[in-house]
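Have a look at the structure below before the remarks.
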Amino acid sequence: MFRNSGEFISLFISFSLLILLGWALSLISVYFVLFMIVIGIVFIQLQQFYYLGDSVRVHSNQFPEIFEILLEYSKMLGVRKANIYIKQDPSLNAWTLGISTCTVVLTSALVEQLSTKELRFVVAHELGHFKAGHTKITSLTSPLGMNNPFSNLVMGFYERQTEYTSDRCGLVLTRNIDSAVSSLIKLSIGAELYKKLNVDGYIQQLNVAGGFGLKLGELLSNHPLTTNRIKAMTYFWNKNFINK
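Read in my numbering, the sequence shown has 197 at position 197, and its numbers run on one by one without any break.
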């Protein structure tokens, strides 16, 4: 229900670029290409072990309120193996990785500054990445690096669409558009500045966002612009949940 239709087209574009890259590398050695794929899978496994030793794992006796969110939404999505960690980091961020086991990581700043309802959306969003198979694909492409101009240019078409899909998953599970929107804005400016935000002014910003220049600006990022994500979520919400 929540998968963004543009995701498959974007995956085709990104994989076409990867095939061209792989063909170029195969001129050097096909074994090198296979080696890089194996490295990507091993890298994800090592990352999961790293968080176990460097972060705080959430469970029934450690931040139980967040653990309950994980259990609730994992069950709704049919995700059997899922862990969630809190990592000390002053930035507001969250990410997911894993092939057979879902690992969600929340930064300490995110947990401190978001409300419980906003955290529910973030956790639902991250679980959506795993349920939709995004983390399996990004595991294979991890040797390209993450969030650098090269990887963003090659895989960005696909990764930006996966964010829209996971935003939809967050809305389907939480049924709360207000918390979804406020969580994204806080990720952009922080909780303190959010309190002073001129909502009417931001709505005007949403109305003018989405021009050709802004779309070009997204090419060097693996995430859509926040304004575009909010507009897409609002459209999805109005289409699927208003008066239903």
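Note that CB positions come from ideal geometry on N, CA and C, so glycine has one too.
Minimum C-alpha distance to residue i - residue among the options
i	options	result
E192	L92, G156, L219	L92
V58	T141, V104, N238, T138	V104
R168	I189, F67, A232, L197	A232
Y73	S183, E126, W237, W95	E126
E218	I9, N238, E159, Y50	E159
D89	S108, I185, K81	S108
T226	Y202, N238, I242	Y202
L70	Y194, C102, S166	C102
Assumed close pair residue i, residue j - CB separation to whole angstroms, cut-off 8 angstroms
i	j	result
T174	A124	5 angstroms
I84	L114	In fact, because the Cβ distance is near 14 angstroms, the residues do not count as touching under 8 angstroms.
I99	K131	13 angstroms between Cβ atoms; not a contact.
Helix, strand or coil at residue i according to DSSP, with G and I counted as helix
i	result
I84	strand
V58	coil
L197	coil
L97	strand
F2	coil
A132	coil
L184	helix
F63	coil
Beta bridge counterpart(s) of residue i as assigned by DSSP
i	result
A109	Beta-bridge pairing links A109 to no other residue.
C102	A82
Burial state of residue i (16 or more Cβ within 10 Å)
i	result
G170	buried
L46	exposed
G156	buried
P64	exposed
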